[in-house]
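Q: Chains A and B, in that order, give the protein sequences. Read left to right, the first sequence gives residues 4 to 235 (our numbering). Read left to right, the second sequence gives residues 683 to 961 (our numbering). What follows is a single structure, and I will ask about it in a moment.
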Amino acid sequence: MNRFLYTILLFLWMPGFYGNSVKEPDAIRILETAKSNFKMIIDFTADVEIEINVDFINIPNKTARVIYKYPDKLKFKSKSFIMVPKKGIGFSVFELLESEYSAIYIGSRQIKGRDLNEIKVIPMDDKSDIALATLYIDLEDHLIHYMEATTKKSGFFSTEFEYGKNAPLPESNRIQFDVDEMRLPLKFLGKVNIDNSKIKENSVGEIIIRYSNYIINQGLSDDQFEEEELNE
Amino acid sequence: MMLTLIHIELEKLFSRGRSYISFFAMLVIVLVIQGGMMLDGDSLIDFVSENLQEVFILEGNLLNGYLITFISINGLWIHVPILVVIVTGDMISGEASAGTFRMVLSRPVSRSKLILAKFITAMIYVALLVIMLAVLSLGLGILFFGTGDIIVFFESINILPEEILMDRFLMAFVFGILSMWLVGALSFVFSAMAENSLSPIILTMAIIILFTVISSFEVGIFEKIRPYLFTTHMNHWQSFFDYELDWNKIGNSIVILIGHIFVFLTLTLIVFNKKDITS
Chain A
4 MNRFLYTILL
14 FLWMPGFYGN
24 SVKEPDAIRI
34 LETAKSNFKM
44 IIDFTADVEI
54 EINVDFINIP
64 NKTARVIYKY
74 PDKLKFKSKS
84 FIMVPKKGIG
94 FSVFELLESE
104 YSAIYIGSRQ
114 IKGRDLNEIK
124 VIPMDDKSDI
134 ALATLYIDLE
144 DHLIHYMEAT
154 TKKSGFFSTE
164 FEYGKNAPLP
174 ESNRIQFDVD
184 EMRLPLKFLG
194 KVNIDNSKIK
204 ENSVGEIIIR
214 YSNYIINQGL
224 SDDQFEEEEL
234 NE
Chain B
683 MMLTLIHIEL
693 EKLFSRGRSY
703 ISFFAMLVIV
713 LVIQGGMMLD
723 GDSLIDFVSE
733 NLQEVFILEG
743 NLLNGYLITF
753 ISINGLWIHV
763 PILVVIVTGD
773 MISGEASAGT
783 FRMVLSRPVS
793 RSKLILAKFI
803 TAMIYVALLV
813 IMLAVLSLGL
823 GILFFGTGDI
833 IVFFESINIL
843 PEEILMDRFL
853 MAFVFGILSM
863 WLVGALSFVF
873 SAMAENSLSP
883 IILTMAIIIL
893 FTVISSFEVG
903 IFEKIRPYLF
913 TTHMNHWQSF
923 FDYELDWNKI
933 GNSIVILIGH
943 IFVFLTLTLI
953 VFNKKDITS
């Protein structure tokens, strides 16, 4: 039902609906180009540094090793304790684009001095946690530079990518998410006395992941992910 | 002279079977906690981190020796005073009820020196008890579960890296020794007043339980009383697991605990020096 409403609203929003005859870029083609651009990366491993900025979570910057295989296999390895948001990591967007979706081109916007094309994506798979995603893609490099998404379970999140010599893999990934949607463990191992007014004032948490030492397309097998999961 | 007195008191203390009950109880409790964690620790970690796991991918060894030590002392700090007072509460009144004081005081030793020797002996005993708790819980915990970061919830969610944890635990245990010295000192006051072994133990525990209950209420009149209760400050061992150490808060608590110890020792000396020794 929600998906139906989103689709109706988006159609009403479309300039073409009101008879505007200006030819727009094809949203699906932009997305598929970005996807095929990224698909050159079959797998990779990289070192990551994770910085968590949430008012009521105190954690030092952490380092870990990440392994990834297109489109949805992702594993962080670390001896020390790390927390990485399930939503918003750069590569999860391609998991979304691998299943059936609808896309609507909204227009172009300048963000941080770069002309980006705004595209709304609605997953057609009922199992998808993302209800609506907005991707901002640069047509020059075919990379997603910014993404916003509304999820069914975890509220809103946005993610910003910075690219360097390893593009289409990001050098850093800044994820912002709704903190008030997080249900926290109550009294245990101490005393949680979180200032709720502080959460309402500053309801966005931020996690920055910086990638380095990429090793790309080395032929990671699925077993490497499964064995790790079994060992957990 | 003083060293001889302390030596005699230590010999008397460790020649009694009762003195070993606390050590044995501590060993059993720590082993039970470690065994329980070995059997069902993973479920506990899942339960604690269940909500975080909905939003975050969590990775790393959370079920480790440090976390288990933290859980152990979080629960044990309420019960260790019982193990302390069953020995310290009996050190003066035990002699009174056994009728040995007249014989002891017939020797050329002042009452104050005798009490000081007993007090120092009690403090050595208490320190050994807390050191044993530290060695057992940290040692066995690290041996069985390894090391790792810990996640604690004090005012906020603190994830403390393992590199700093040994220092934090050592500081917390030293603070714990100070807290338990206070318990021992309080029991000495009642021990000096009483003629039997049981009353000082019951009175000391009653006061600690009452103050702990008041300390745990954070509303109304209790909120105003809390800062003045020594039990509130005894609980500040937890401050060593804040993300950043608040030395003002910790220092304030240390001064208050030491102050209480001196007041209780002085009271003990006054009571005992004025006491009519009839047994």
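For every residue, glycine included, the Cβ atom is placed at its ideal position computed from N, Cα and C. Values in this document were obtained by computation on a predicted structure and should not be read as measured data.
On a Cα-Cα basis, can you pick out the residue from A:Lys155, A:Tyr108, A:Ile109, A:Glu121 that is closest to serine 131 of chain A?
A: Checking every option, the nearest Cα to that of serine 131 of chain A belongs to A:Lys155.
Q: Just by C-beta distance, which residues in the stretch 64 to 95 of chain A are closer than 9 Å to chain B?
A: Lys65, Ala67, Leu77, Lys78, Phe79, Lys80, Ser81, Lys82, Ser83, Phe84, Ile85, Met86, Val87, Pro88, Lys89, Lys90, Ile92
Q: Using only the alpha-carbon positions, how far apart do proline 882 of chain B and isoleucine 62 of chain A sit?
A: 45 Å
Q: Give me the chain A residues within the contact set of phenylalanine 754 of chain B, using Cβ-Cβ distance strictly less than 8 Å, ordered along the chain.
A: The displayed chain sequence assigns serine, not phenylalanine, to residue 754 of chain B. The contacting residues do not exist; serine 754 of chain B stays about 12 Å from chain A at best.
Q: Quick one: give me the first and last residue of the alpha helix (DSSP H) that isoleucine 936 of chain B is part of.
A: 929 to 956
Q: What is the C-beta distance between serine 794 of chain B and leucine 951 of chain B, in whole angstroms, given that I count them as a contact (C-beta under 8 Å)?
A: 6 Å
Q: For serine 157 of chain A and chain B, any beta-carbon pair shorter than 8 Å?
A: Serine 157 of chain A counts as touching chain B.
Q: List the residues of chain B whose Cβ lies closer than 9 Å to the Cβ of asparagine 61 of chain A, in chain order.
A: Ser838, Ile839, Asn840, Ile841, Leu842, Asp924, Tyr925, Glu926
Q: Let me see if you follow: with CB-CB separation under 8 Å, is leucine 744 of chain B close to chain A or not?
A: yes
Q: Roughly how many angstroms lie between the CA atoms of valine 953 of chain B and isoleucine 859 of chain B, to the nearest whole one?
A: 25 Å
Q: Leucine 820 of chain B versus chain A: which residues are under 8 Å apart at the beta carbon?
A: The contacting residues do not exist; leucine 820 of chain B stays about 17 Å from chain A at best.
Q: Take valine 51 of chain A as the anchor and find which of A:Phe228, A:Glu101, A:Asp226, A:Leu77 has the nearest alpha-carbon.
A: A:Leu77
Q: Applying a beta-carbon distance threshold of less than 7 Å, which residues of chain A neighbour valine 901 of chain B?
A: In chain order: nothing, as chain A lies at least about 14 Å away.
Q: Check for me: the alpha helix (DSSP H) holding glycine 821 of chain B runs from which residue to which?
A: 793 to 827
Q: Would aspartate 132 of chain A pass as an interface residue toward chain B - the criterion being a Cβ-Cβ separation below 8 Å?
A: no
Q: Residues of chain A with CB under 8 Å from glycine 830 of chain B, in chain order?
A: Lys82, Ser83, Phe84
Q: Look up glycine 110 of chain A in the DSSP assignment and say whether it is helix, strand or coil.
A: strand
Q: By Cβ distance, which residues of its chain are closer than 6 Å to methionine 875 of chain B, with the 5 residues on each side in sequence left out?
A: Val953
Q: Spell out whether any CB of chain B is found under 8 Å from the CB atom of asparagine 234 of chain A.
A: At asparagine 234 of chain A the pLDDT is 42, less than 50, meaning the model places this residue with poor confidence and gives no usable figure here.
Q: Ignoring anything shorter than 4 residues, give me the alpha helix (DSSP H) runs that lie fully in the stretch 849 to 920 of chain B, in order along the chain.
A: 880 to 898, 902 to 907, 912 to 916
Q: So, at 6 Å on beta carbons, what are the nonlocal neighbours of alanine 799 of chain B in its own chain, with the 5 sequence-adjacent residues on each side left out?
A: Leu687, Ile688, Glu691
Q: Quick one: list the residues of chain A neighbouring glutamate 693 of chain B, beta-carbon separation under 7 Å, in chain order.
A: What glutamate 693 of chain B touches in chain A: nothing, since even the nearest Cβ is about 42 Å away.
Q: DSSP state of aspartate 226 of chain A, grouped into three classes?
A: helix
Q: If contacts are defined as beta-carbon pairs under 8 Å, then leucine 704 of chain B and leucine 811 of chain B qualify, I think. What distance do you get, rounded to the angstrom?
A: Reading off the sequence, residue 704 of chain B comes out as serine, not leucine. Between leucine 811 of chain B and serine 704 of chain B the Cβ distance is about 6 Å, and since that is below 8 Å, they are a contact.
Q: Straight-line CA distance for isoleucine 99 of chain A to glutamate 900 of chain B?
A: Just to set this straight, residue 99 of chain A is leucine in the shown sequence, not isoleucine. Between leucine 99 of chain A and glutamate 900 of chain B, the C-alpha separation is close to 48 Å.
Q: Say yes only if the C-beta of aspartate 724 of chain B is nearer than 7 Å to one or more non-hydrogen atoms of the ligand ZN, and no if none qualify.
A: Absence of the ligand ZN is noted for the structure shown, with no ligands found whatsoever.
Q: Is the CB of isoleucine 891 of chain B under 8 Å away from at least one CB in chain A?
A: no
Q: Since I believe leucine 864 of chain B is in contact with phenylalanine 912 of chain B (beta carbons under 8 Å), could you give me their beta-carbon distance rounded to a whole number of angstroms?
A: Rounded, the Cβ-Cβ distance is 6 Å, consistent with contact.
Q: For leucine 692 of chain B, does the three-state DSSP call read helix, strand or coil?
A: helix
Q: My output table needs one value for glycine 757 of chain B: the three-state DSSP class, helix, strand or coil.
A: helix
Q: Measuring alpha carbon to alpha carbon, tell me which residue in B:Phe706, B:Leu695, B:Leu745, B:Ala780 is nearest threonine 765 of chain B.
A: A small correction: the amino acid at residue 765 of chain B is leucine; threonine does not occupy that position in the sequence shown. With distances taken between Cα atoms, leucine 765 of chain B lies closest to B:Phe706.
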